[in-house]
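Trainee:
In our numbering, the protein residues as written are 216 to 398.
#1: What does the alpha-carbon distance come out to for the pair residue 365 and residue 385?
#2: Need the endpoints of the alpha helix (DSSP H) that residue 255 sits in, please.
#3: If you follow the alpha helix (DSSP H) that residue 276 is part of, which residue opens it and which one closes it?
#4: Pull up the distance between the alpha-carbon of residue 348 and that of residue 361, whole angstroms please.
#5: From residue 368 to residue 390, what does the alpha carbon distance come to, in whole angstroms?
Spelled out as structure tokens, the structure:
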């Protein structure tokens, strides 16, 4: 018990547990000690290496996603360029088709004009030919009527002015002329 008394007396002398004015048994001391122990355990268990490996894995994953995104963007740009080229080609083809259609329409229109002019010319010629044929037929008909009328009038005049004696003299004269004409 003496020891306890000595300790108590000594404790009475040193009631303040500080070394050089720094208190060792306060909350800051215990938190600092706990932190040192925790950091020691973390270093001993190689937690920074695990964290670094985890971060490296995340970095690699993000880099892979970025590479994939760049590849997708490049592919999208390629597809965009391809479709722009197709659009330009389709636009050019449409313009060419339009130009060909206009040229064909112009050719058809020109041919139709030419055909119409030829048809009009043929019909005019046919009409002119019909008119000429009708004129010839009318002239022939008039000549025929005139010839019939003249023949009828001549026959009437001859019948009125010529008798049997005049006919006999005419026949004799014609026969005599035939003899000279044939020789």
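Each residue gets a CB set at the ideal place from its N, CA and C atoms; glycine is no exception.
Mentor: A quick look at the data gives this:
#1: The residue you call residue 365 lines up with position 150 of the chain shown. The residue you call residue 385 lines up with position 170 of the chain shown. Straight through space, the alpha carbons of residue 385 and residue 365 are spaced by roughly 20 Å.
#2: If you number the chain shown from 1, residue 255 lands on position 40. That run of the alpha helix (DSSP H) goes 242-259.
#3: Counting from 1 along the chain shown, the entry for residue 276 is found at position 61. Residues 262-376.
#4: Numbered from its first residue, the chain shown carries residue 348 at position 133. Numbered from its first residue, the chain shown carries residue 361 at position 146. The straight-line gap from Cα to Cα measures roughly 19 Å.
#5: Counting from 1 along the chain shown, the entry for residue 368 is found at position 153. Counting from 1 along the chain shown, the entry for residue 390 is found at position 175. One C-alpha to the other measures close to 25 Å.
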